[in-house]
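Comments concern the structure below.
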Amino acid sequence: MFLDFENKTDLIARLQTLNVDQQPEWGIMTPQHMVEHLIVSTKMSNGGFVIPCRTPKEHLPKYRAFFLDANAEMDRGIKAGGMEGLLDLRYPSLEAAIEKLESEIDKFHQFFENNPDAKIVNPVLDEIDYSDWKTFHKKHFTHHFKQFGLIK
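The sequence shown: position 103 = 103 (the numbering used here), numbered continuously.
Have a look at this one:
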């Protein structure tokens with residue numbers, strides 16, 4: 001099952017069921033780390049945070065084929081490139097992080113409403129458009145929601 005990334009009300013409602021001490025089914029993130037991780041990826045997609053693409057050009061077709069396949073789930077053990085350990089938390093609470101994520105999702109849709117032909121760099125996939133970012137977010141959010149049992 002995949003989330004409907006375009007149903008922000010459902011996304012936020014599911015996140016609001018998280019308990020701050022909830023343990024993941026895999027990985028080392030806390031609920032707040034997971035939400036803050038989603039904030040970063042959403043900020044990247046709305047132009048608010050730029051990370052250059054680290055994928056060698058010759059590997060882009062393979063990565064794009066996987067990450068933009070709307071039906072292929074991300075593996076449990078997949079790790080963000082260049083990440084070791086947990087980042088310091090930036091927001092004072094899980095609730096504040098969820099509110100920030102909601103704001104970044106709004107900015108994402110607004111950016112592409114105002115710039116329908118824009119392409120924004122994804123650090124793994126290079127420049128992708130609105131449709132591809134929505135596919136990426138659907139898969140990425142689904143992966144982390146499953147990590148915390150928010151969907152099965």
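Ideal Cβ placement from N, Cα and C applies to all residues, glycine included.
Residue-chain proximity (residue i, chain D), Cβ-Cβ < 8 Å
i: D21; result: Among the protein chains of the structure shown there is no chain D, as only one such chain exists.
8 Å CB neighbourhood of residue i in its chain, flanking five on each side removed
i: F141; result: L3, F5, L11, L38
i: V124; result: C53, R54, T55, Y63, F67, G81
i: K152; result: M1, K146
i: D117; result: D129
Sequence-distant residues of the same chain with beta carbon closer than 7 Å to residue i, five excluded per side
i: D88; result: none
i: K43; result: F49, E104
i: G47; result: F111, I120
i: I78; result: none
i: I98; result: I12, L15, Q16, V35
i: N115; result: none
Straight-line Cα distance separating residue j from residue i
i: K62; j: Q32; result: 31 Å
i: L150; j: L18; result: 8 Å
i: M158; j: V50; result: No statement about residue 158 is possible, as the shown extent of the chain runs from 1 to 152 and does not include it.
i: G85; j: N7; result: 31 Å
i: S93; j: D129; result: 32 Å
i: E36; j: M74; result: 19 Å
i: S41; j: E58; result: 23 Å
i: Y234; j: V20; result: The structure shown does not extend to residue 234, since the chain spans only 1 to 152, so no value can be given for it.
i: D69; j: D126; result: 16 Å
i: A72; j: E95; result: 30 Å
i: F108; j: D132; result: 13 Å
Cβ shell of residue i (< 6 Å), same chain only, five flanking positions each side left out
i: D106; result: none
i: M34; result: H144
Residue i (DSSP reduced to helix, strand or coil)
i: D21; result: coil
i: K139; result: helix
i: D10; result: helix
i: M44; result: helix
i: Q147; result: helix
Considering only residues of the stretch 56-135, which uninterrupted alpha helix (DSSP H) runs meet the minimum length of 4 residues and lie entirely inside it, listed in chain order? 60-67, 94-114
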